[in-house]
Amino acid sequence: MCLKSSPPEVTKDNASSKTLILGGVFAFCTAGLLIPTVILSINANRPPVISIFANQDENQCAGSQIMVNNVDCVHTPGPQAGANVTKGYKGGMEVDYVPNTKPYFQSSMCPVNVHWHLGTEHYSAGEYDEFGTGPNSVNNNLPQNQQVRPGYRCRHFDKSQPMFTNEYRWEFCVGMQVGETYEVHWPHSAAGACGTPDQYQTPFYDGVFCNLDEEKFSTLSAQDVADAVGVQAQVFTVVNDERYFYPDLMRGFIKDGEYGKDIAMYTGSTTGTTRSNEVCSSYAPITWQVDRKCHLISASSFDRLCETMRLQRDNMTLDMHAHGSRELVKDSLVANNQANRRLGGHDHHHHHHGHDHADHLWADGHGHLHEEWF
Numbered sequence: 143m144c145l146k147s148s149p150p151e152v153t154k155d156n157a158s159s160k161t162l163i164l165g166g167v168f169a170f171c172t173a174g175l176l177i178p179t180v181i182l183s184i185n186a187n188r189p190p191v192i193s194i195f196a197n198q199d200e201n202q203c204a205g206s207q208i209m210v211n212n213v214d215c216v217h218t219p220g221p222q223a224g225a226n227v228t229k230g231y232k233g234g235m236e237v238d239y240v241p242n243t244k245p246y247f248q249s250s251m252c253p254v255n256v257h258w259h260l261g262t263e264h265y266s267a268g269e270y271d272e273f274g275t276g277p278n279s280v281n282n283n284l285p286q287n288q289q290v291r292p293g294y295r296c297r298h299f300d301k302s303q304p305m306f307t308n309e310y311r312w313e314f315c316v317g318m319q320v321g322e323t324y325e326v327h328w329p330h331s332a333a334g335a336c337g338t339p340d341q342y343q344t345p346f347y348d349g350v351f352c353n354l355d356e357e358k359f360s361t362l363s364a365q366d367v368a369d370a371v372g373v374q375a376q377v378f379t380v381v382n383d384e385r386y387f388y389p390d391l392m393r394g395f396i397k398d399g400e401y402g403k404d405i406a407m408y409t410g411s412t413t414g415t416t417r418s419n420e421v422c423s424s425y426a427p428i429t430w431q432v433d434r435k436c437h438l439i440s441a442s443s444f445d446r447l448c449e450t451m452r453l454q455r456d457n458m459t460l461d462m463h464a465h466g467s468r469e470l471v472k473d474s475l476v477a478n479n480q481a482n483r484r485l486g487g488h489d490h491h492h493h494h495h496g497h498d499h500a501d502h503l504w505a506d507g508h509g510h511l512h513e514e515w516f
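In structure tokens, the structure reads:
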């Protein structure tokens, strides 16, 4: 996610009090939300965005973001995201904290935003990787000056099947395309305005920090932050087929059959195209729970989501389009604390499978497979 404001400056001497990992700042640009260079306009004939709330000034979370700068990655501000989530992969950065492996609601966390990226920021060999395909023209539905960096794609696209090519009449989402891959992020926070009209915020940072000021935040350990702030991520290929309709993408990733069943977990950072393997996010460590599989989803499911976003007290217009994807984080910047959870339909039925003595193959994000002990 990226901010509407100007992108954070890169500083080479700012790994001190404002750097997260050890001080722990956890707003997550999970995904280059609100990228400053991406200024999307809604069609002139599209109805204006309205709110069902009479007084927009009562938003208790407005302006709550705790601001920190990006830093040169040489300063090692903390583990970064998005990472390789292929089964068996381990990052190269040794850390002494662990991801929150529980369903987020069990840690009093609630979703405070939803947004998505063009292509994927994460990498899962055989699911969304460099061999994925899609419509011939990436950013096909956006003007040249509004196009964003694409990530990896899924392998579902089949131009011979009408559900991947038949156009859909989008009513609420902007610049979306049938057949394309999108990675959806749901930032969660225990400091959000959970259960109130102000729960969902754009930028998502306001939702994350809503009930946590800088003074209180400075008392938290890195593990405290990883336990209290996290992101759910799920990857979809959009189809024009109502068999893949899911009515509520607002409240978190789908857990139904294979959807949300094989989850990779690790600690990382916020994402977005203002970050790279040279410029790192200081918002770390936060927990990531990422579905390793790519799933089909109907275009109408996304449009229903955008319609729901329009009904929130805070104006979420700038999250109703795909944001750009950060490049895959290199091994040395990825935490070595990967964990797994396989869900049996519902979070409260989950159980763990030991893999301490199993051989696995993992991909490094560049098409190479390596045998590792996991």
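If you read the sequence shown in this note's numbering, its first letter stands for residue 143, the second for the next number, and so on. Just so it is clear, CB atoms sit at the ideal spot from N, CA and C, and this is done for glycine as well. Given the structure is predicted, the values throughout are model-derived calculations rather than measurements.
Residue range of the alpha helix (DSSP H) that includes residue 368 = 364-370
Just list the alpha helix (DSSP H) runs in the segment 285-352, keeping only unbroken ones of 4 residues or longer that don't cross its boundaries, in chain order.
-> 346-350
Neighbour-count burial assignment, residue 340, 16 or more Cβ in a 10 Å radius | buried
Check residue 483 in the structure and name its three-state DSSP category.
-> strand
Might you give, ordered along the chain, the residues of its own chain that have their beta carbon closer than 7 angstroms to the beta carbon of residue 302, omitting 5 neighbours on each side?
-> none
So, is residue 358 buried or exposed, given that buried needs 16 or more other C-beta atoms within 10 angstroms?
-> exposed
Taking the alpha-carbon positions, what's the residue 218 to residue 257 distance?
-> 27 angstroms
Please state whether DSSP places residue 494 in a helix, a strand or coil.
-> Legend: pLDDT at residue 494 = 35, less than 50; position of this residue unreliable, no value from coordinates given.
Euclidean distance between Cα positions of residue 264 and residue 294 = 8 angstroms
Would you list the one or two residues that DSSP bridges to residue 377?
-> 325 and 436
Contact check, residue 249 vs residue 242 under 8 angstroms by CB: the rounded distance?
-> 6 angstroms
Closest by C-alpha distance to residue 360, when choosing among 203, 204, 418 and 210 = 210
Once you ignore the five residues that flank residue 400 on each side, which residues in its own chain have a CB closer than 8 angstroms to its CB?
-> 435 and 437
Report the option in 327, 290, 311 and 299 whose CA atom is closest to the CA atom of residue 433.
-> 327
Assigned secondary structure, residue 460 (DSSP; H/G/I helix, E/B strand, else coil) | helix
Hey, is the segment 225-237 in contact with the segment 475-485, meaning 3+ C-beta pairs nearer than 8 angstroms?
-> yes
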